[in-house]
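Working notes, beginning with the structure itself.
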């Protein structure tokens, strides 16, 4: 019995609260983790999306206030945070960061809390304010160990005069029900020609060596899955195919080649490196996932079709499945990319068609899964979302397995173009004799690169480590070669040390490129020119006049002869 001599503390009047995260899983390592530090990014409409799909906010005034640092401080009085882990007596740290222009860090504040689910309050008055603060940047959760996992709930307590919707917790997702199975079935956009898939399934059943490859962006990398390497859709699909179809599981090999923020335009450059491992691996099945990465594709589908054509014409004749994932705004590029699948009779899976129609179900109808449950953030699926992607792919394979075998498909003419299919990738390590390079002042090697965990690796691999980084001096990088088209891959960075470059081709300025526009360390591919016939070209890359004292990193090139 409680000691009656101890007076209880007076309760603090409850402010209206807006939920931003509810039981969001974090931890388990992953390529985005720095030791035991796990970020939840709030920029690029992420915070607004959290407020909409988690907090149920429809008030446009509140949504606008969440998009700026000043508006955020006018709206939010304090932040309530709770963390639950399997070891409830551990200590965790929660931080809130604002960002300046181009992703630079601004003011911040942090609190320590216990992982027992008890809410701890971070008052905004205790969060440092800087003149450069532009937007809410990120939450950062620090757990005791890199391998730890936890569930994090964050809610904003609002200043007087602002009102938040009443929170209604989601019911648990009921997998493997008739409603769930009907949702999965909607994802089968096309079974296409089944000849190559049938051959893969036959080889699996016969116990032959089979290599399953997954090529895509951050979703294929595993973003949103906790732990990333174990719970991503690629790993789940590989394991499901191996366990269901192979008579010799140890003969089934796994390649995961997802790189965050990269489109098919860059995949053309890295396909041989990351999938065929420079010709040493011949994949039997390749799942291609770029339906939410290709919006900025300069070629509007040509690079995507060229990539698919390149894979399809590999000597091992792999089967190809086109996978269309989905963003939280119920969007993907199916309308642009599906015609490629139709033209070439490729099996296609559309996750948008599976999940988006039921997101808006009424209480009486009840969604199979809500947006809060499907999405980890604006762009990436949660563990439940990755499982659904796996189930969609497995449903397609089951459909194909039940069909009668077809004659192999004949190569069809392009829907867009095969122009970039034969792109050759070069960097500092493999320049051929007929490409002349004078690095000028670009003699350094950048080691602060985008890092990705490939396959089942427990470590990260640096992307484009054989690069050219500008050091001191003003001498331009110069290249001479004969080709039809040239792609340059460069490093994006939020660092103030990086500056703009000017690119000239045959003496004419073709573009200026600013590596700080994206605001994070990232591989960026751009096409410098594309012509009908091959010719000799002279390329010069130098710092823009106003940035001569800064640096820039050229990661590599893609050449179409």
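Numbering (my numbering), first residue to last: 7 to 567. We put the beta carbon where it would ideally sit given N, CA and C, even for glycine. Computed from a predicted model, the values in this text were never measured in an experiment.
Beta-carbon contacts of residue i that lie in its chain and below 6 Å, excluding the five residues immediately before and after
{"i": "residue 490", "result": "537, 540, 566"}
{"i": "residue 441", "result": "487"}
{"i": "residue 82", "result": "130, 162"}
{"i": "residue 299", "result": "223, 269"}
Burial state of residue i, where buried means 16 or more other Cβ atoms lie within 10 Å
{"i": "residue 337", "result": "exposed"}
{"i": "residue 151", "result": "exposed"}
{"i": "residue 169", "result": "exposed"}
{"i": "residue 404", "result": "exposed"}
{"i": "residue 502", "result": "exposed"}
{"i": "residue 480", "result": "exposed"}
{"i": "residue 563", "result": "buried"}
{"i": "residue 542", "result": "exposed"}
{"i": "residue 530", "result": "buried"}
{"i": "residue 483", "result": "buried"}
{"i": "residue 38", "result": "Per-residue confidence for residue 38 stands at a pLDDT of 47, beneath the threshold of 50, marking its modelled position as unreliable; no derived number is given."}
{"i": "residue 577", "result": "This structure leaves residue 577 out entirely; the chain is present only between 7 and 567."}
{"i": "residue 505", "result": "buried"}
{"i": "residue 237", "result": "buried"}
{"i": "residue 372", "result": "exposed"}
{"i": "residue 124", "result": "exposed"}
{"i": "residue 249", "result": "exposed"}
{"i": "residue 331", "result": "buried"}
{"i": "residue 544", "result": "exposed"}
{"i": "residue 97", "result": "exposed"}
{"i": "residue 267", "result": "buried"}
Sequence-distant residues of the same chain with beta carbon closer than 7 Å to residue i, five excluded per side
{"i": "residue 60", "result": "25, 26, 27, 28, 378"}
{"i": "residue 413", "result": "201"}
{"i": "residue 272", "result": "495, 529, 531"}
{"i": "residue 500", "result": "108, 109, 110, 522, 525, 526"}
{"i": "residue 193", "result": "355, 356, 357, 359, 360, 398, 401"}
{"i": "residue 260", "result": "218, 244, 461, 462"}
DSSP three-state assignment for residue i, whether helix, strand or coil
{"i": "residue 407", "result": "helix"}
{"i": "residue 239", "result": "helix"}
{"i": "residue 427", "result": "coil"}
{"i": "residue 318", "result": "helix"}
{"i": "residue 310", "result": "helix"}
{"i": "residue 346", "result": "helix"}
{"i": "residue 548", "result": "strand"}
{"i": "residue 122", "result": "strand"}
{"i": "residue 107", "result": "helix"}
{"i": "residue 37", "result": "With a pLDDT of 45 at residue 37, under the threshold of 50, the modelled position of this residue cannot be trusted; read the value that follows with caution. Residue state, collapsed to three classes: coil."}
{"i": "residue 257", "result": "helix"}
{"i": "residue 457", "result": "strand"}
{"i": "residue 156", "result": "strand"}
{"i": "residue 499", "result": "coil"}
{"i": "residue 476", "result": "coil"}
{"i": "residue 273", "result": "helix"}
{"i": "residue 540", "result": "strand"}
{"i": "residue 508", "result": "strand"}
{"i": "residue 151", "result": "coil"}
Residue-level contact to chain B via CB, residue i, 8 Å cutoff
{"i": "residue 529", "result": "No chain B appears in the structure shown, which is made up of a single protein chain."}
Contacting residues, own chain, Cβ-Cβ under 8 Å from residue i (five flanking each side not counted)
{"i": "residue 516", "result": "509, 510, 534, 535"}
{"i": "residue 333", "result": "298, 384, 385"}
{"i": "residue 477", "result": "447, 448, 449, 450, 557"}
Practice problem: Decide if the stretch 172–192 is in contact with the stretch 143–157; the criterion is three or more beta carbon pairs, one per stretch, under 8 Å apart. | Solution: no
Quiz prompt | Inter-stretch contact at 8 Å, needing at least 3 Cβ pairs: the stretch 159–175 / the stretch 54–69 | solution = yes
Exercise. Determine, using beta-carbon pairs with one atom in the stretch 421–428 and one in the stretch 469–477, whether at least three such pairs fall under 8 Å.
Key: no
Quiz item: Does the count of Cβ pairs from the stretch 494–514 and the stretch 246–254 closer than 8 Å reach three?
Solution: no
Quiz item: Would you call the stretch 60–71 and the stretch 90–102 in contact, with 3 or more CB pairs under 8 Å?
Solution: no
Quiz prompt | Touch test, the stretch 139–150 against the stretch 102–110, Cβ-Cβ under 8 Å, three pairs minimum | solution = yes
Exercise. Only counting runs of 4 or more residues, tell me where the alpha helix (DSSP H) segments fall wholly within the stretch 360–402, in order along the chain.
Key: 377–380
Practice problem: Assess, as a yes-or-no matter, whether the stretch 314–323 is touched by the stretch 354–369 under the definition of 3 or more beta carbon pairs within less than 8 Å. | Solution: no
Exercise. Could you tell me whether the stretch 274–289 touches the stretch 238–246, where touching means 3 or more Cβ pairs closer than 8 Å?
Key: no
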